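To start, the structure under review is shown below, and the notes come after it.
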Amino acid sequence: MRFFVVVLPLAPLAVGAGFRRDSWPAHVTLIPPFETDAHAEPVLEAIRAGADGHAPLLARGEGRARFGRRRDVPVTTIELSPEFEALHVDVLAAVDRFLGRGVHLAHVGPRNYRPHVTVQAGGGLEPGASVTLSQLAVIDMRPHGDARHRAVVATVPLAKEAE
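Residue numbering for the sequence shown is 1 to 163, as defined by full-length UniProt numbering.
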C-alpha cells in the first residue's frame with residue numbers, strides 16, 4: 001500500500017525533500033491522506049492531469065479555527081474561492097479511481113472542502129494575510145514504510161495566468 005497526500009505548499013518544495021511527521025512545511029491540504037495499492041506513477045500522472053490548466057491560487061487567511069477529531073489543531077481558515085474548489089474537485093476526481101478498497105474521500109468533495117493552514121512554529125498564514133500558491137506537491141506519507149517521515153515524490157507547477 002502507498003499513502004499519499006496532495007498539498008499546496010506556501011513556499012515551493014523540491015522532489016526528494018523530506019521532513020519528519022511533526023515538522024511539515026506550511027501548506028494547504030488539497031486532498032487529504034489516502035491509500036492506494038496502485039503503482040505510484042499512474043497516480044502521479046492522474047494528479048498532474050487533474051491539475052493541468054489550473055492557474056496559481058491566491059490564498060487569503062480568513063480567521064482562526066480548530067480542526068481535528070478533538071478540535072485541538074489550530075488553523076487559519078482560507079477563503080474558498082471558485083478556483084480553489086475547482087482545483088480540489090478536479091484533483092479529487094483524478095485520484096478517485098486509485099483509492100484503496102473501502103477508502104472514501106466523500107467528506108471532502110464539492111461543498112465540503114475547507115481549505116486551511118495549520119498554525120505551527122515554523123510558519124503559516126495569519127488571518128488577513130495572503131499568499132500566491134503556485135505549486136502542488138504530492139507527499140508520500142510512509143517513504144520506505146517509515147510513518148515517522150514524509151517525502152515529496154512529485155511537484156506540479158500551476159499554470160501561469162493568461163496575460
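C-beta atoms are modelled at their ideal positions from N, C-alpha and C, and glycine is treated no differently. Computed from a predicted structure; not experimentally measured.
Please classify residue i: is it buried, with 16 or more other beta-carbons within 10 angstroms of its beta-carbon, or exposed?
| i | result |
| --- | --- |
| His144 | exposed |
| Ile117 | Reading off the sequence, residue 117 comes out as Val, not Ile. The residue in question, Val117, is buried, as its Cβ has 16 or more Cβ neighbours within 10 Å. |
| Arg150 | buried |
| Asp140 | buried |
| Gly50 | buried |
| Ala162 | In this prediction, Ala162 scores a pLDDT of 48, lower than 50, which makes its location untrustworthy; the coordinate-derived value is nonetheless stated afterwards. The residue is exposed, with fewer than 16 neighbouring Cβ atoms inside 10 Å. |
| Pro157 | exposed |
| Ala94 | buried |
Between the options, which lies nearest to residue i when the distance is taken from Cα to Cα?
| i | options | result |
| --- | --- | --- |
| Ala86 | Glu126, Arg114 and Arg97 | Arg114 |
| Thr155 | Val28, Phe3, Ala14 and Arg111 | Ala14 |
| Ala159 | Asp52, His27, Ile31 and Leu30 | Asp52 |
| Thr77 | Leu99, Ala26 and Pro127 | Pro127 |
| residue 165 | Arg70, Met1 and Gln135 | As shown, the chain starts at 1 and ends at 163. That puts residue 165 outside it, with no answer to give. |
| Ala121 | Thr132, Ala49 and Pro25 | Pro25 |
| Asn112 | His88, Val75 and Leu125 | His88 |
| Pro12 | Val131, Asp140 and Asp146 | Val131 |
| Val138 | Gly68, Val153 and Ala147 | Val153 |
| His39 | Ala17, Ala129, Ala147 and Met1 | Met1 |
| Phe3 | Phe67, Val43 and Arg66 | Val43 |
What is the residue span of the alpha helix (DSSP H) that residue i lies within?
| i | result |
| --- | --- |
| residue 169 | Since the first residue shown for the chain is 1 and the last is 163, residue 169 is missing from the structure and cannot be characterised. |
| Phe84 | Pro82 to Asp96 |
| Ala137 | Not the alpha helix (DSSP H): Ala137 falls in the beta strand (DSSP E), residues Gln135 to Asp140. |
| Val43 | Ala40 to Ala51 |
The beta strand (DSSP E) spanning residue i covers which residue range?
| i | result |
| --- | --- |
| Phe19 | Gly18 to Arg20 |
| His27 | His27 to Thr36 |
| Pro157 | His149 to Pro157 |
| Leu8 | Arg2 to Pro9 |
| Val75 | Val73 to Ile78 |
| His116 | His116 to Thr118 |
For my contact list, residue i and residue j are in at a C-beta cut-off of 8 Å; report their separation, rounded to the angstrom.
| i | j | result |
| --- | --- | --- |
| Val91 | Ile47 | 6 Å |
| Phe34 | Leu99 | 6 Å |
| Leu119 | Pro74 | For the record, residue 119 in the displayed sequence is Val; it is not Leu. The Cβ separation is near 4 Å, so the contact holds. |
query: At a cut of 8 Å, does the stretch 71-83 reach the stretch 50-57 through at least three beta carbon pairs?
result: Yes: at least three Cβ pairs fall under 8 Å.
query: Do the stretch 60-77 and the stretch 9-29 touch if we need at least three Cβ pairs shorter than 8 Å?
result: Taking a cut-off of 8 Å for Cβ pairs, the stretch 60-77 and the stretch 9-29 do not touch, as fewer than three such pairs fall below it.
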